[in-house]
Amino acid sequence: MSDCIFCGIVDSSIPSTTVYEDDECLAFEDLNPQAPVHVLVIPKRHVIALSDVQESDRNLLGQVMLACSRVAQQKGLPEHGYRVVTNIGKEAGQTVFHLHFHVLGGRRLTWPPG
Ligand code: AMP
Ligand code: ZN
1151 MSDCIFCGIV DSSIPSTTVY EDDECLAFED LNPQAPVHVL VIPKRHVIAL SDVQESDRNL
1211 LGQVMLACSR VAQQKGLPEH GYRVVTNIGK EAGQTVFHLH FHVLGGRRLT WPPG
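This is the structure we're talking about:
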């Protein structure tokens, strides 16, 4: 059994609220939302971070990006703007080492991020 939380969400051994799903991707509500809309979009396959992807992951990455766009659309975010962000490594704030894209919106987002 994997000790990865997000692999646990993919295999349903850890509960989550699904927002979107296709053959390669899963999107679910973040447990500790940082904005009115905060969804995590992940590849179902375990990939550690964006720094670990290979040329062979090209199609998977495209599908994950499309999933982010679909989730934003589904949540009504494009009208006012939203942010898609991925943290890579501890210093950037990555705490779960399974690639994920945060889709954040529903409030004014400041820049630069902390
Ligand atoms: P990061 O800090 O970029 O690695 O983001 C990890 C995100 O996963 C955080 O926003 C957490 O709130 C979220 N998270 C951790 N565990 C769960 C869980 N069981 N269900 C949903 N989101 C989670
Ligand atoms: Zn995983």
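Residue numbers (our numbering): 1151 to 1264. Ideal Cβ positions, reconstructed from N, Cα and C, are used throughout, including at glycine.
Would you tell me roughly how many angstroms separate the C-alpha atoms of residue i and residue j, rounded to the nearest one?
i	j	result
residue 1187	residue 1204	30 Å
residue 1243	residue 1175	22 Å
residue 1260	residue 1209	31 Å
residue 1229	residue 1202	33 Å
residue 1168	residue 1223	15 Å
residue 1232	residue 1153	31 Å
residue 1257	residue 1165	27 Å
residue 1183	residue 1236	15 Å
Name the two residues that bound the continuous alpha helix (DSSP H) containing residue i.
i	result
residue 1211	1208 to 1224
residue 1269	The structure shown does not extend to residue 1269, since the chain spans only 1151 to 1264, so no value can be given for it.
Since residue i and residue j are thought to touch, with beta carbons under 8 Å apart, how far apart are those beta carbons, to the nearest angstrom?
i	j	result
residue 1250	residue 1191	7 Å
Determine the DSSP secondary structure at residue i, reduced to helix, strand or coil.
i	result
residue 1181	coil
residue 1176	strand
residue 1171	strand
residue 1201	helix
Output the boundary residues of the beta strand (DSSP E) element that contains residue i.
i	result
residue 1192	1187 to 1193
Per DSSP, residue i is paired with what?
i	result
residue 1251	1191
residue 1233	1254
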